[in-house]
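Undergrad:
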Amino acid sequence: MKHFTSIDDVDDPAGLVRDALRIKKEPLADRRFGEDLTLGLIFLNPSLRTRMSTQKAALNLGMNVIVMNIGQEGWALETEDGVVMNGQSAEHVREAAAVIGQYCNIVGIRTFGKLENREEDYAETILHKFMDFCGVPVISLESATLHPLQSLADWATIEELKSAARPKVVLTWAPHPRALLQAVPNSFAQWMNRADVDLVITHPEGYDLDSMYVGNATVTHDQNKAFEGADFIYAKNWSSYEQYGKILSTDLSWTVTPEKMNLTRDAWFMHCLPVRRNMIVADAVIDGTKSAVIQQAGNRVFAAQAVLRRILEHNF
Ligand code: CP
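So, in structure tokens, the structure goes:
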């Protein structure tokens with residue numbers, strides 16, 4: 064594996080999940096694996112879990128870590144080629160990426176879309192420019208369209224908690240006051256399409272995800288029906304893909320409540336965090352005994368460590 068920006072970079076996703084769960088049992092077993100190598104973590108957008116878990120994963124492998132909040136602390140980046148740079152941007156991404164590649168052996172980058180233009184966001188320009196110009200392996204720390212480190216941790220969590228051989232996993236839209244990217248639901252659907260699960264996606268009309276990521280999932284606008292017999296409820300808000308970036312509904316009847324969870328087969332509640340309590344999920348659900356959100360966040364370390372280990376193994 065050279066880069067890790069989507070499931071398409073992974074030959075055997077189920078094997079990578081097994082790696083993560085094996086690493087969880089003995090996280091310091093490879094503590095010299097990345098010795099004398101440096102991971103750069105570049106953030107154009109805020110983060111708690113991704114930043115800390117990926118840093119921890121690298122430290123468990125003996126790597127040095129440099130974190131740069133380029134969105135707040137770096138020069139404003141120009142991404143278009145051939146422009147006269149007489150505006151706000153002081154540095155072109157071509158030089159910035161190449162320079163970061165001089166200091167780091169692996170680069171992780173978080174670069175969200177702006178939710179203004181679907182074609183622009185789905186082109187993933189900054190991520191691709193980093194891959195083109197930094198000259199070292201690149202890991203997505205969440206891009207405009209995908210969040211593969213999160214999805215790997217989510218799959219590992221489902222493997223740990225499942226009681227059925229082929230669980231029913233429901234990805235449900237839930238309300239949120241701000242317009243959010245489709246990265247987490249796109250990515251979760253993409254990874255679950257490769258797992259041994261029955262995947263159901265439920266959302267109000269107008270919230271269809273890109274069919275490329277929906278794959279073989281069953282899609283329904285009836286949330287109650289979707290919840291029936293579910294083993295896992297994965298809640299997430301996303302803005303409209305069709306009417307790109309628009310909030311079409313803030314209907315609180317889509318909030319995940321104890322009554323909704325009673326329709327399931329005693330399902331686990333999952334969310335990538337951060338979460339808006341009593342918008343996405345009722346306190347009683349997220350604070351309840353079947354909430355997996357902290358375990359999910361904890362597994363982010365082992366997902367990142369499995370990815371870093373493979374990149375180290377194949378490139379150094
Ligand atoms: N789930 C997740 O990626 O969290 P952060 O945005 O805090 O990194």
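In our numbering, each residue carries its 1-based index in the sequence shown increased by 63.
Every residue, glycine too, gets a C-beta built ideally from N, C-alpha and C.
Pop quiz: Leu212 and Leu104 are said to be a contact at Cβ under 8 angstroms. What is the actual Cβ separation, rounded to whole angstroms?
TA: That belief does not hold up - the Cβ atoms of Leu212 and Leu104 are roughly 12 angstroms apart, past 8 angstroms.
Undergrad: Can you have a look at Leu315 and say buried or exposed, based on whether 16 or more other CB atoms are within 10 angstroms of its CB?
TA: The residue in question, Leu315, is exposed, as its Cβ has fewer than 16 Cβ neighbours within 10 Å.
Undergrad: Assign Asn180 to buried or exposed, taking buried as 16 or more other Cβ atoms, counted over all protein chains shown, within 10 Å of its Cβ.
TA: With fewer than 16 Cβ atoms within 10 Å of its Cβ, Asn180 is classed as exposed.
Undergrad: What span of residues does the alpha helix (DSSP H) with Glu182 cover, start to end?
TA: Element bounds for Glu182: Arg181 to Ala186.
Undergrad: Are the beta-carbon atoms of Ile296 and Val233 separated by less than 8 angstroms?
TA: Yes, these two residues count as a Cβ contact at 8 angstroms.
Undergrad: Quick check on Glu187: buried or exposed, where buried means 16 or more other Cβ atoms within 10 Å of its Cβ?
TA: Under this definition Glu187 is a buried residue.
Undergrad: For the pair the stretch 329-340 and the stretch 84-93, tell me if three or more CB-CB distances fall below 8 angstroms.
TA: No, the stretch 329-340 does not touch the stretch 84-93.
Undergrad: Count the C-beta pairs between the stretch 169-176 and the stretch 251-263 that are closer than 8 angstroms, then say yes if the count reaches three, no if not.
TA: They do not touch, by the three-pair rule.
Undergrad: Less than 8 angstroms separating the beta-carbons of Trp236 and Asn300?
TA: Yes, the Cβ-Cβ distance between Trp236 and Asn300 is below 8 angstroms.
Undergrad: May I ask you to check if the CB of His239 is nearer than 7 angstroms to at least one heavy atom of the ligand CP?
TA: No, since every heavy atom of the ligand CP falls outside the 7 angstroms radius drawn around the Cβ of His239.
Undergrad: Could you tell me which residues DSSP puts in a beta bridge with Lys231?
TA: Answer is Asp261, bridged to Lys231.
Undergrad: If I measure Cβ to Cβ from Leu215 and keep anything under 6 angstroms in the same chain, skipping five residues before and after, which residues do I get?
TA: Same-chain partners within the cutoff: Ala366.
Undergrad: Thinking C-alpha only, which one of His191, Leu262, Thr318 and Gln306 is nearest Gly242?
TA: Rather than Gly, the amino acid found at residue 242 in this sequence is Ala. For Ala242, the nearest C-alpha among the options comes from Gln306.
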